[in-house]
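Residue numbers (our numbering): -12 to 223. Just so it is clear, CB atoms sit at the ideal spot from N, CA and C, and this is done for glycine as well. Since the model is a prediction, treat every value here as computed from it, not as a measurement.
Right under this line is the structure:
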């Protein structure tokens, strides 16, 4: 079964085509990464999947229209703007956003490695800590599909390592289907089951070792882009 089915999707802003007749599927339980240069349509794709913008074509999420499947989707944004002087702790923020039972909240915080941050003010968090808090609030919905729009942007190396460990844990241990937009090609080559390459058109779609060829990288990023290949093991 596919978690996401996209057929002939086209999105235009003021007659400028941002996504041009793209089609792909995201298998249930997979970790799929979407890559491409700035302005290639990656964030627009997320907005279409969340039913936030008009589009042409067909989108099905767990065989439903996006508007009917929103309760099964968690979303982690690229940026989260807020007043950093706001005197609210991580625990208060999470309970305010999505009230859940205390035991469930504790388990979620432990899984995303923020259980030691409960009493820390939101405004004092590092970039990596804040992103894990945002993952926690998305998980409060107990989603079947997690959409993530370049969530590791601005995170230092150590924070990014922890972040991707959390992502892999959620995918492998809990079977959450993840669609991750990322600019870190070398990282997603290692962790993703499937790579979708966008540059308005669908440039490639498939397992990393087949999708990320030098020809594709040149189409996406120009002739000077390099990719460091890793051994990749598929889930069984």
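Using the DSSP secondary-structure output, state which residues sit across from residue 11 in a beta bridge.
-> Taking the chain shown and counting its residues from 1, one reaches residue 11 at position 24. Answer is -7.
Residue -6 to residue 10, Cα distance in whole Å?
-> As a first step, residue -6 is located in the chain shown; it is residue number 7 there, counting from the start. As a first step, residue 10 is located in the chain shown; it is residue number 23 there, counting from the start. Rounded to whole angstroms, residue -6 to residue 10 spans 4 Å at the Cα level.
Note down, in chain order, each residue of its chain lying with its Cβ closer than 7 Å to the Cβ of residue -1, except the 5 sequence neighbours on either side.
-> For this step, residue -1 is matched to residue 12 along the chain shown. Excluding residues within five positions, the ones whose Cβ falls inside 7 Å are 5.
Near residue 188, what residues of its chain come up, given a Cβ to Cβ distance below 6 Å and the 5 sequence neighbours on each side ignored?
-> Locating residue 188 in the chain shown gives position 201, where the first residue counts as 1. Taken in chain order, the residues that qualify are 7.
Under the assumption that residue 48 contacts residue 132 (Cβ atoms under 8 Å), give the Cβ distance between them as a whole number of angstroms.
-> For the purposes of this step, residue 48 is taken as residue 61 along the chain shown, with counting starting at 1. For the purposes of this step, residue 132 is taken as residue 145 along the chain shown, with counting starting at 1. Indeed they touch by this definition, with Cβ atoms about 7 Å apart.
State yes or no: is the C-beta of residue 183 within less than 8 Å of the C-beta of residue 21?
-> To locate residue 183, count along the chain shown from 1; it is residue 196. To locate residue 21, count along the chain shown from 1; it is residue 34. Yes; because the gap between Cβ atoms is below 8 Å, this pair is in contact.
Going by DSSP, what residues sit across from residue 32 in a beta bridge?
-> Sequence index remark: in the chain shown, residue 32 carries index 45 (1-based). None, per the DSSP bridge assignment.
Taking just the CA atoms, how far does residue 40 sit from residue 147?
-> Within the chain shown, numbered from 1, the residue matching residue 147 stands at position 160. Within the chain shown, numbered from 1, the residue matching residue 40 stands at position 53. Spanning the two alpha carbons is a distance of roughly 30 Å.
Just list the alpha helix (DSSP H) runs in the region 108 to 178, keeping only unbroken ones of 4 residues or longer that don't cross its boundaries, in chain order.
-> 114 to 126, 144 to 161, 172 to 178
May I have the straight-line CA-CA distance separating residue 224 from residue 119, to the nearest angstrom?
-> In the structure as shown, the chain begins at -12 and stops at 223. Residue 224 is therefore absent and cannot be evaluated.
Would you call the region 162 to 176 and the region 13 to 27 in contact, with 3 or more CB pairs under 8 Å?
-> yes
For residue 200, does the count of other Cβ atoms within 10 angstroms reach 16, so buried, or fall short, so exposed?
-> As a working mapping, residue 200 is identified with position 213 in the chain shown. With fewer than 16 other Cβ atoms within 10 Å, it is exposed.
On a CA-only basis, which of 114, 168, 34, 122 is nearest residue 25? Give me that one, please.
-> The residue labelled residue 25 in the question sits at position 38 within the chain shown. Nearest option by C-alpha distance: 168.
Range of the contiguous beta strand (DSSP E) that encloses residue 47 = Residue mapping note: residue 47 aligns to position 60 of the chain shown, counting from 1. Element bounds for residue 47: 43 to 48.
Pull up the distance between the alpha-carbon of residue 170 and that of residue 99, whole angstroms please.
-> The residue given as residue 170 occupies position 183 in the chain shown. The residue given as residue 99 occupies position 112 in the chain shown. About 22 Å.
Beta carbon of residue 101 nearer than 8 Å to that of residue 116 | In the chain shown, the residue the question calls residue 101 occupies position 114. In the chain shown, the residue the question calls residue 116 occupies position 129. Contact: yes.
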